[in-house]
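Please read the structure below before turning to the comments.
Protein chains: 2
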Amino acid sequence: MDAAYLEARCRLVDAALDRFLPKAKTRPATIHEAMRYSLFAGGKRLRPVLCLASTEACGGSVEAALPPAAAVECIHTYSLIHDDLPCMDDDDLRRGRPTCHVKYGEGIAVLAGDALLTLAFEILAQTAPSRRHGVAGYVSELAVASGSRHLIGGQVLDLEGEGSDILLSPAQLRYIHESKTAALLTTSIRLGAMTANATPAKLAALSTYGRSLGLAFQIIDDILDVTSTPEKLGKSVGKDEATAKSTYPALYGLEKSRKEAAKLTKQAHDALKPFAKKAERLHEIADYLLDRDY
Amino acid sequence: MDAAYLEARCRLVDAALDRFLPKAKTRPATIHEAMRYSLFAGGKRLRPVLCLASTEACGGSVEAALPPAAAVECIHTYSLIHDDLPCMDDDDLRRGRPTCHVKYGEGIAVLAGDALLTLAFEILAQTAPSRRHGVAGYVSELAVASGSRHLIGGQVLDLEGEGSDILLSPAQLRYIHESKTAALLTTSIRLGAMTANATPAKLAALSTYGRSLGLAFQIIDDILDVTSTPEKLGKSVGKDEATAKSTYPALYGLEKSRKEAAKLTKQAHDALKPFAKKAERLHEIADYLLDRDY
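Respectively, the protein sequence lines represent chains A and B. Going by our numbering, the first sequence opens with residue 1353, and the numbers climb by one from there. Going by our numbering, the second sequence opens with residue 1353, and the numbers climb by one from there.
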């Protein structure tokens, strides 16, 4: 993967987020500081980068896809803030810094998450419609992927599984991964394509790419929790094992998990055939995610 | 106020909410049960009723305004669930029943709130556009009113004021009331009008009505916290005084607060002049809210 490309895209996304977010001093300042603290914490911007690369694969304008790119990052950040709360995963460290509730208190962290979730839809409503897709379609796409049957639903199952001694079945684990990770990744990709007026066939191909990529991404995440260090990851490691959490490595072992991630990455590549050369960046991102060590 | 009218409207709204919400057994069941537990808890449905009455005042169809009516109730309910959390107002009782986190635990309560907030936008995206107003306008209207500068911003100020011995200034208190209560009430009214293709002049008049009504409503709420009983209100009373919270009665005394509420209600009536007879229900609702004892 071309590091300069990734860096340029991150800068573009960060500038858009800075424009869309209320200034840190906007009244009441505490909430806007907290929102910015968690949003500008050195995240990889994977979801917005995928959104923009998908727009390009469909021949669209990167500029037009900045609102959905910013919106999906707001959703991702809100979900991290709420997942880190003491009543959920109870994490003190995120991206190498104190989590939002450690820094601002639990009440403000709940509200900062709520505000980022709400802002995501305010930003998304500013996206220009394409010929085939309108704002109603964009909003519905994001709300379903972020809602109680997908992103939030996955967190519910995660929460209910915690502290339980019983390992989940492979089907249950896959369902959690699909809900918690693959759904929002897929929607990021689909939203980018929708602003570029993608046909139903292209959207379907990109959905397959997103689902495979999302599952591979989550398996790698689970593997890194076993094999990496807090310094590299910027968050605590070994936590899954300590809490007896069901993960791919716990269910299948490291070697088989790595193979599964590679197989899913191959499926992601295959799904991009209809796009030929235009999907170059999407191919690169898939390889980059498989090979990452943080 | 015609009790049969209110009751019929509540039934209509409840039926719409029941259709829009995932069934209680939808996987993962816990979250859908928790969402329904808080949403169907005998709320007054004031925001949806205002939304529908506003549609009528603009000559629109009540049927077409059901999605925004349901959406604002989802927002209202989510904000109650999160406000009741131990890290916020820490309330155990709401509408005469245990609050969501008492019943389902804090983690699920946070997620049920998140899910209702997200669902509000999923529902709103299903509203048919009118000639002057589209889904982008609806979503933007709701997101701004519910966001960090209004609904959530008011809760931030409330949270920051709690435990502080210093009473807020009248301007600060008015700002909190405008943010926490008047903004979402006004948006409920505006959304109903927008689906009925309201002109900018009519929207402006309804905004004045909503702001005045919203402030009066919050003053009455503060008065009832002093003068009513938990049995009548279905929630704890005397809490504002116990926590030295800044309220209208604390700042102005009961008598002056009652006069202010009556003055604001008069302003609400005056704003409805352009609608003549069509605004009959909106007039009735304003009087009903002023005179309520629960």
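Cβ coordinates follow ideal geometry from the N, Cα and C atoms, glycine included. Here the structure is a predicted model, which means the values were calculated and not measured.
Take R1484(B) and list the residues in its own chain whose beta-carbon comes closer than 8 angstroms to its own, dropping the five residues that flank it on each side. M1546, N1549, A1550 and T1551.
Under 8 angstroms by Cβ, that's how I've got V1491(A) and V1491(B) pegged, so tell me the actual separation to the nearest angstrom. Right, their Cβ atoms sit about 6 angstroms apart.
One or two residues paired with R1363(A) in a DSSP bridge: For R1363(A), which the question treats as bridged, DSSP gives no partner whatsoever.
Does DSSP put E1445(A) in a helix, a strand or coil? Note that residue 1445(A) is Leu in the sequence shown, not Glu. Note: L1445(A) maps to strand in three-state DSSP.
Determine the chain D residues that contact F1392(A) at a beta-carbon separation under 8 angstroms, and present them in chain order. Here the protein chains are A and B, and chain D is not one of them.
Contact set for D1510(B): own chain, Cβ-Cβ below 7 angstroms, skip 5 residues either direction: Counting only Cβ-Cβ distances below 7 angstroms, and skipping sequence neighbours, we find I1528 and K1532.
Within 8 angstroms, do at least three Cβ pairs link the stretch 1560-1579 of chain B to the stretch 1421-1440 of chain B? no
So that I know if they touch, is there some Cβ in chain B lying closer than 9 angstroms to that of M1353(A)? Not a single CB atom of chain B sits nearer than 9 angstroms to the CB of M1353(A).
Could you spell out where the alpha helix (DSSP H) holding P1420(B) opens and where it closes? L1418 to D1435
Tell me which residue opens and which closes the alpha helix (DSSP H) that D1354(A) is part of. Segment: none, D1354(A) is in no alpha helix (DSSP H) and carries neither H nor E.
May I ask you to report which of helix, strand or coil DSSP gives P1374(B)? coil
Could you tell me whether the Cβ of V1516(A) comes closer than 9 angstroms to any Cβ of chain B? With the sequence shown as reference, residue 1516(A) is identified as Ser, and Val is not the correct amino acid for it. Cβ-Cβ to chain B under 9 angstroms: no for S1516(A).
Option in P1601(A), T1429(A) and G1499(A) with minimal Cα separation from P1374(B): It is G1499(A) whose Cα lies nearest to the Cα of P1374(B).
Just to confirm my understanding: we take K1630(A), look at its own chain, exclude 5 residues before and 5 after, and list those with CB closer than 8 angstroms. What are they? E1408, A1409, C1410 and G1411
Check whether the Cβ atoms of I1575(B) and A1613(B) lie closer than 9 angstroms to each other. yes
Please tell me whether G1506(A) and G1448(A) are closer than 9 angstroms, where the distance is taken between their beta carbons. no
Taking D1443(A) as the reference, give the member of K1625(A), D1643(A) and D1592(A) with the closest Cα. D1592(A)
Excluding sequence positions up to five away, which residues of its chain have a Cβ less than 6 angstroms from the Cβ of Q1524(B)? none
Quick one: list the residues of chain A neighbouring I1504(B), beta-carbon separation under 8 angstroms, in chain order. I1383, L1463, D1466, A1467 and T1470
Against chain A, which members of the stretch 1620-1637 of chain B pass a CB distance test of less than 9 angstroms? none
Looking at the strands, I want to know which residues DSSP matches up with P1450(A). L1445(A)
Using 8 angstroms as the Cβ pair cut-off and three pairs as the minimum, do the stretch 1371-1386 of chain A and the stretch 1452-1466 of chain A touch? yes
Endpoints, alpha helix (DSSP H) assigned at Q1570(B): P1552 to T1579
Go ahead and pull the three-state DSSP assignment for H1529(A). helix
Give a yes or no on whether the minimum CB-CB distance between C1439(B) and chain A is below 9 angstroms. yes
Spatial neighbours of L1369(B) within its chain, please: CB distance less than 7 angstroms, with the 5 preceding and 5 following residues excluded, ordered by chain position. L1391, A1422 and E1425
Under three-state DSSP, which class holds R1397(A)? coil
Would the stretch 1618-1626 of chain B and the stretch 1594-1609 of chain B be scored as touching if the rule is three or more Cβ pairs under 8 angstroms? Verdict: no, contact absent.
Do the stretch 1424-1439 of chain A and the stretch 1464-1479 of chain A make contact, defined as three or more Cβ pairs closer than 8 angstroms? As far as the Cβ criterion goes, the stretch 1424-1439 of chain A touches the stretch 1464-1479 of chain A, which means the pair count is three or higher.
Under 9 angstroms between C-beta atoms of T1539(B) and E1493(B): In contact: T1539(B) and E1493(B) (Cβ atoms closer than 9 angstroms).
How long is the line joining the alpha carbons of A1620(B) and P1481(B), rounded to whole angstroms? 28 angstroms
Sequence-distant residues of the same chain with beta carbon closer than 8 angstroms to V1365(A), five excluded per side: R1397, P1400, V1401, L1404, L1418, A1421, A1422 and E1425
Going along the chain, which residues of the stretch 1367-1378 of chain A sit with their C-beta nearer than 8 angstroms to a C-beta in chain B? P1374 and T1378
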